[in-house]
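2 protein chains.
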Amino acid sequence: MSDDAEQLRADARENRNRILEVAREAFTRRPEASLNSIAKAAGVGAGTLYRHFPSREALLAGVYRKEIEELAALAPALVLQHPPMKALGLWFERFTEASGIKHGVGETLHAAVSEQDMRDTFGILKEAVGRLLFACEQAGKIGPGIPPEDVLVLLSSVLRIAPTAEGRQQARRIQDLIVRGITAGEATVQR
Amino acid sequence: MSDDAEQLRADARENRNRILEVAREAFTRRPEASLNSIAKAAGVGAGTLYRHFPSREALLAGVYRKEIEELAALAPALVLQHPPMKALGLWFERFTEASGIKHGVGETLHAAVSEQDMRDTFGILKEAVGRLLFACEQAGKIGPGIPPEDVLVLLSSVLRIAPTAEGRQQARRIQDLIVRGITAGEATVQR
DNA sequence: ACCTGAACACCGTTCAAGT
DNA sequence: ACCTGAACACCGTTCAAGT
Chain A
2 MSDDAEQLRA DARENRNRIL EVAREAFTRR PEASLNSIAK AAGVGAGTLY RHFPSREALL
62 AGVYRKEIEE LAALAPALVL QHPPMKALGL WFERFTEASG IKHGVGETLH AAVSEQDMRD
122 TFGILKEAVG RLLFACEQAG KIGPGIPPED VLVLLSSVLR IAPTAEGRQQ ARRIQDLIVR
182 GITAGEATVQ R
Chain B
2 MSDDAEQLRA DARENRNRIL EVAREAFTRR PEASLNSIAK AAGVGAGTLY RHFPSREALL
62 AGVYRKEIEE LAALAPALVL QHPPMKALGL WFERFTEASG IKHGVGETLH AAVSEQDMRD
122 TFGILKEAVG RLLFACEQAG KIGPGIPPED VLVLLSSVLR IAPTAEGRQQ ARRIQDLIVR
182 GITAGEATVQ R
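Protein chains in written order, with my numbering: chain A, 2 to 192; chain B, 2 to 192.
As structure tokens, this is what we get:
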């Protein structure tokens with residue numbers, strides 16, 4: 002929602018956007034692309050890139066922020082259009098499919114503890130999942146008090162899976178397992 | 002089980018072991034420790050390290066192999082000593098606790114598709130989980146045909162969690178969610 | 001205010017030369 | 001048969017000098 006590029010001088014904002022464009026491309030091609038190479042491709046000095054994005058993670062967050070915000074915004078929309086459990090399932094699928102999310106969320110989750118930028122982005126996703134879970138809860142489909150962040154951590158495991166045909170099947174199976182876990186409520190967990 | 006250092010000349014085997022020792026220490030302190038610094042600390046040339054471990058991942062696998070093998074060996078032992086579901090729960094806890102596993106398995110899972118070393122190590126863990134699941138299945142506690150690799154991928158998500166007190170609680174909750182997902186058998190997954 | 005790009009210390013990796 | 005360590009190309013990051 003917030004633009005993050007509001008009070009910038011015209012040339013600075015242009016640079017910022019160009020960096021984000023180039024970075025998105027570069028990361029899609031090769032997730033380990035160097036920041037120097039991105040700066041060069043964007044036609045800016047290395048220092049400029051570092052001024053806008055002080056760390057690799059900050060750049061990642063910048064690149065995928067829009068995508069993540071869209072994904073989050075989808076949650077309430079799905080809740081309106083579908084029965085709660087169906088909405089949850091559909092959102093899970095979207096989460097897995099969103100290609101950019103792969104890198105973006107992975108890093109976000111990983112760094113959510115330390116980096117501030119990340120906490121924000123993570124918070125957006127957490128809220129989205131919370132909304133979905135709440136709807137399911139209201140409908141009596143799941144037990145109360147399942148922390149959205151737990152679901153998100155669990156869901157993040159599918160991001161590691163390679164995007165082969167086989168991998169996609171596995172991702173689907175894993176999504177189902179998560180849904181079942183949520184659905185089961187108080188089950189026979191033994192210690 | 003296999004030693005991996007069988008047919009080596011005496012000095013080579015010594016070097017190999019020293020590298021593994023130093024690397025374990027270094028990775029524990031700082032997961033991104035450079036390979037050059039490890040070589041130096043181990044008192045060997047960089048080339049020697051690369052001869053033994055051609056990639057960072059190979060070194061990680063070497064470092065954590067023993068630990069992973071022990072964890073895997075624990076599975077059948079637990080099955081003999083406890084009811085199946087309890088054995089599963091205990092093994093999950095051990096998996097989460099094993100500190101070295103954190104780095105080792107994370108990388109292993111990530112690279113399991115490409116690297117051969119990794120496939121082997123991953124296979125060992127997969128077999129262990131398979132054993133646990135089979136016991137639960139035999140006891141009629143879970144549905145049949147849950148792929149061990151799915152459980153492992155899911156379980157790997159807890160490895161990202163920071164080892165704070167709060168984090169440990171979350172890890173525990175997530176383990177429970179996984180167990181519930183497995184237990185639920187065919188549930189109300191909607192599409 | 002913002003940008004450039006040379007400079008620094010360090011990285012992974014290779015390979016000729018040694019034993 | 002194995003090891004050393006200098007060398008290479010590249011990395012992230014900083015910062016004086018420019019506009």
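Just so you know, even glycine gets a beta-carbon here, dropped at the ideal spot from N, CA and C. Keep in mind it's a predicted model, so treat the numbers as computed, not measured.
For A/LEU9, the secondary structure class from DSSP, reduced to helix, strand or coil, is coil.
Taking A/LEU91 as the centre and dropping the five residues before and after it, the same chain places the C-beta of LEU79 and HIS83 closer than 8 Å to its C-beta, in chain order. The beta-carbon distance between A/ALA62 and B/ALA185, rounded to whole angstroms, is 35 Å. This is too long to meet the 8 Å contact definition.
If you draw a straight line from the Cα of B/GLN8 to the Cα of B/PHE54, it comes to about 16 Å. By the neighbour-count criterion, in which 16 or more other beta carbons inside 10 Å mark a residue as buried, B/GLU22 falls on the exposed side.
With its beta carbon at least 8 Å from every one in chain A, B/LEU21 lies outside the interface. Within the segment 131-160 of chain A, the residues whose Cβ lies closer than 9 Å to some Cβ of chain B are LYS142, ILE147, PRO148, GLU150, ASP151, VAL152, VAL154, LEU155, LEU156, SER157, SER158 and VAL159, listed in chain order. For B/ILE162, the chain A residues whose Cβ falls inside 8 Å of its Cβ are VAL154, in order along the chain. Going by beta carbons, B/ASP151 and A/ILE175 fall inside the 8 Å limit. In the structure shown, the three-state DSSP call for B/GLY146 is coil. When DSSP states are grouped into helix, strand and coil, B/ILE162 belongs to the coil group. In the three-state DSSP reduction, A/PHE28 falls in the helix class (H, G or I). Here A/VAL154 is actually not in contact with A/LEU89; their C-beta atoms are around 16 Å apart, not less than 8 Å. Your pair A/THR49 and A/ASN18 does not check out as a contact, with CB atoms roughly 12 Å apart and the cut at 8 Å. Any Cβ of chain B closer than 8 Å to the Cβ of A/THR29 would place that residue at the interface, and such an atom is absent.
The DSSP-derived three-state label of A/HIS53 is helix.
Listed along chain B are ARG181, GLY182, THR184, ALA185 and ALA188, each with a C-beta nearer than 8 Å to that of A/ALA185. Across the set A/ALA27, A/PRO77 and A/ARG66, the C-alpha of A/ALA27 shows the shortest separation from the C-alpha of A/LYS41.
For B/GLN82, the closest Cβ of chain A is not nearer than 8 Å. Between the beta-carbon of B/LYS142 and that of B/PRO85 there is about 6 Å, and that keeps the pair under the 8 Å contact cut.
In terms of CA proximity to B/VAL45, B/ASP12 leads the group B/ASP12, B/ALA59 and B/GLU58. A/ARG10 and A/PRO149 have their C-alpha atoms some 39 Å from each other.
Rounded to the nearest angstrom, the gap between the Cα atoms of A/ARG52 and A/LEU60 is 11 Å.
Using beta-carbon distances, A/ARG174 counts as an interface residue toward chain B, with a partner under 8 Å.
C-alpha of B/GLY124 to C-alpha of A/ALA43: approximately 43 Å in a straight line. Annotation: B/PHE96 to A/ALA47 spans about 42 Å, alpha carbon to alpha carbon.
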